[in-house]
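2 protein chains.
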Amino acid sequence: MDAPEQDPAGSFAASLDQEDYRLAVVDLLGALAYGELTAFERLADDASFAPTIADKAALGAMAVAEYNHFALLQARLAELGASPEEAMEPFIPALEAFHERTAPGDWLEGLVKAYVGDGIAEDFYREVSAYLDESTRDLVLLVLEDTGHSQFAVDRVRAAIEADPRLAGRLALWGRRLVGEALSQAQRVAAERDALASLLVGGLSHRGADLAEVGRMFARLTENHTTRMATLGLSA
Amino acid sequence: MDAPEQDPAGSFAASLDQEDYRLAVVDLLGALAYGELTAFERLADDASFAPTIADKAALGAMAVAEYNHFALLQARLAELGASPEEAMEPFIPALEAFHERTAPGDWLEGLVKAYVGDGIAEDFYREVSAYLDESTRDLVLLVLEDTGHSQFAVDRVRAAIEADPRLAGRLALWGRRLVGEALSQAQRVAAERDALASLLVGGLSHRGADLAEVGRMFARLTENHTTRMATLGLSA
Numbered sequence: 001m002d003a004p005e006q007d008p009a010g011s012f013a014a015s016l017d018q019e020d021y022r023l024a025v026v027d028l029l030g031a032l033a034y035g036e037l038t039a040f041e042r043l044a045d046d047a048s049f050a051p052t053i054a055d056k057a058a059l060g061a062m063a064v065a066e067y068n069h070f071a072l073l074q075a076r077l078a079e080l081g082a083s084p085e086e087a088m089e090p091f092i093p094a095l096e097a098f099h100e101r102t103a104p105g106d107w108l109e110g111l112v113k114a115y116v117g118d119g120i121a122e123d124f125y126r127e128v129s130a131y132l133d134e135s136t137r138d139l140v141l142l143v144l145e146d147t148g149h150s151q152f153a154v155d156r157v158r159a160a161i162e163a164d165p166r167l168a169g170r171l172a173l174w175g176r177r178l179v180g181e182a183l184s185q186a187q188r189v190a191a192e193r194d195a196l197a198s199l200l201v202g203g204l205s206h207r208g209a210d211l212a213e214v215g216r217m218f219a220r221l222t223e224n225h226t227t228r229m230a231t232l233g234l235s236a
Numbered sequence: 237m238d239a240p241e242q243d244p245a246g247s248f249a250a251s252l253d254q255e256d257y258r259l260a261v262v263d264l265l266g267a268l269a270y271g272e273l274t275a276f277e278r279l280a281d282d283a284s285f286a287p288t289i290a291d292k293a294a295l296g297a298m299a300v301a302e303y304n305h306f307a308l309l310q311a312r313l314a315e316l317g318a319s320p321e322e323a324m325e326p327f328i329p330a331l332e333a334f335h336e337r338t339a340p341g342d343w344l345e346g347l348v349k350a351y352v353g354d355g356i357a358e359d360f361y362r363e364v365s366a367y368l369d370e371s372t373r374d375l376v377l378l379v380l381e382d383t384g385h386s387q388f389a390v391d392r393v394r395a396a397i398e399a400d401p402r403l404a405g406r407l408a409l410w411g412r413r414l415v416g417e418a419l420s421q422a423q424r425v426a427a428e429r430d431a432l433a434s435l436l437v438g439g440l441s442h443r444g445a446d447l448a449e450v451g452r453m454f455a456r457l458t459e460n461h462t463t464r465m466a467t468l469g470l471s472a
């Protein structure tokens, strides 16, 4: 087994042969897997509020796509010698807290949540993927692929606001609440999971060190969120 | 197009070229499709009550299998020139009424419901499949394939009763309520949908005529239900 290679910036060549890197990847895939599993549940649940059978079927198809992503992550965790259940376990409280505090009151709030919430999660994992070994990065980018939900949500929300412009105020407020809860839970995870947090800032040698970079990343996430809200026809 | 062929018993060779037969098949596939779509939703919903992540993942996989069956039925309905939404529409009230009246109070009631409810539905569609053209019958039997849910439910319910035998009384009562509601909704559908009901009793030429055969079928459904309850370790 090779010794960790340090580059001048202090990061290292990510390799699954390194135990601390492997554990960080297990953490990352565990978080992603539980996120996909709850996304599946949430979309299936939203399907019950769908105003038409066609919408119900469309949401069902997206839920199935999320589940298939979950299954890929579960299989990779097992390949890495990890128990998928144990890998997901540490991320249950943060994800459950997020969903409890942001239970949609209706169909439109559910769509905004799925669009905005998935968008933030996707940005977050894309940031992290820059620091991954190739095979892990490929898997992460594959499971982040849009399942068609974004366009569906944008179309439905824009049409609803066009039909009743008064909705815009309530949904904008809802979007702000969502991003606040998402960032607060993400910070909680980053604070509790050293390995995962260290992946985020460019390598385990930086463990806990580069809070400024984490801050810049949160700024980028917030900026992208603003763009997404505008796409929905809402102010951020 | 050939004229309907009557056999001596008064049924006919089922052919999708016959408009009344095609409409009956659209009815049947519509009922089955909406059943699969709600089974998907229900299993995904049950997944949120799962006591472990492994159980949650297992239920998710079964929900996905139901959705894939739904997608096959949706595609076949479109091939038959029918709108899948319109084909499912007439069966919404009966299925929603069934699910509203039998909302499980906990994880075990959900498992018993899935096992017993799917079992009755499967028996029902198998009875009907005897009267179908080959391509429709193949599709119906394919989507009726057990998605692994039965054994999962049996294992979990038996283990729970073994751990706490007092559960048996409550779950047996629950099973009786389920079969009562299922048969009452099935009778409602049979009464309202002539085409579907006529498929059931062996051909459109019997339309509304053979209530005795329907009665015998209900007796067979009830008998199979008793066997399933015994498999769960419950009295019917």
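Chains A and B are the protein sequences, given in the same order. My numbering applies: residue 1 is where the first sequence begins, and numbers increase by one. My numbering applies: residue 237 is where the second sequence begins, and numbers increase by one. Glycine included, every Cβ here is placed at the ideal spot set by N, Cα and C. If you're wondering where the values come from, they're calculated on a predicted model, not measured in any experiment.
- Every alpha helix (DSSP H) of 4 residues or more that sits fully in the region 412-436 of chain B is shown, in chain order, as 430-436.
- Runs of the beta strand (DSSP E) lying entirely within the region 284-369 of chain B and spanning at least 3 residues: none are present.
- Sorting A/L29, A/S15, A/L72 and A/I120 by C-alpha distance to the C-alpha of A/S184 places A/I120 at the top.
- Contact of B/M324 with chain A is assigned, a C-beta pair being separated by under 8 Å.
- The residues Y115, V116 and G119, in chain order, have a CB closer than 7 Å to that of A/R228 in the same chain once the five nearest residues on each side in sequence are set aside.
- Contact of B/L273 with chain A by beta-carbon distance below 9 Å involves A47, I53, K56, A57 and G60.
- Contact with chain B is found for A/A44, since one of that chain's Cβ atoms lies less than 8 Å from the residue's Cβ.
- In the three-state scheme derived from DSSP, where H, G and I count as helix and E and B as strand, B/L470 is classed as coil.
- Among the CB atoms of chain A, none fall inside 8 Å of the CB of B/E332.
- Shown here, B/T383 sits in coil according to DSSP, grouped into three states, outside any helix or strand.
- In this structure, B/G416 is the residue among B/Q254, B/N460, B/S251 and B/G416 with its C-alpha nearest to the C-alpha of B/R337.
- Within a 10 Å sphere around the beta-carbon of A/E66 sit 16 or more other beta-carbons, which makes this residue buried.
- The three-state secondary structure of A/L173, taken from DSSP, is helix.
- In this structure, DSSP gives A/L139 a helical state, which the three-state scheme calls helix.
- Between the region 311-324 of chain B and the region 79-93 of chain A there are fewer than three inter-stretch CB-CB distances shorter than 8 Å, so the stretches are not counted as touching.
- For B/A299, the nearest beta carbon of chain A is closer than 8 Å to its own beta carbon.
- Judged by pairs of C-beta atoms under 8 Å, the region 283-299 of chain B does not touch the region 256-266 of chain B, as fewer than three such pairs exist.
- In the three-state DSSP reduction, B/R452 falls in the helix class (H, G or I).
- Contact annotation, B/E345 with B/W410: C-beta distance approximately 5 Å; criterion of less than 8 Å satisfied.
- When Cβ-Cβ separations below 8 Å define contact, B/E277 makes contact with chain A.
- The beta-carbon of B/Q310 is placed less than 8 Å from the nearest beta-carbon of chain A.
- The alpha-carbon of B/L468 is positioned some 52 Å away from that of A/F218.
- At a cut-off of 8 Å between beta carbons, A/E85 contacts chain B.
- Taking B/A280 as the centre and dropping the five residues before and after it, the same chain places the C-beta of A299 closer than 6 Å to its C-beta, in chain order.
- Sorting B/L403, B/A433 and B/A333 by C-alpha distance to the C-alpha of B/L414 places B/A333 at the top.
- If you draw a straight line from the Cα of B/E363 to the Cα of B/L378, it is about 14 Å long.
- For B/A293, the closest alpha carbon among the candidates A/Q151, A/E192 and A/L72 is that of A/L72.
- Under the 8 Å criterion on CB atoms, B/Y303 is classed as interfacial with respect to chain A.
- DSSP, reduced to helix, strand and coil, places A/L16 outside both helices and strands of the structure shown, so it counts as coil.
- In the assembly as shown, A/R193 is a buried residue. Its beta-carbon has 16 or more other beta-carbons within 10 Å.
- Secondary structure of B/D400 (DSSP, three-state): coil.
- Its chain contains no residue whose beta carbon lies nearer than 7 Å to that of B/S371 once the 5 sequence neighbours on both sides are disregarded.
- Ranked by Cα distance from B/L331, the first of B/R373, B/S365, B/E277 and B/D342 is B/E277.
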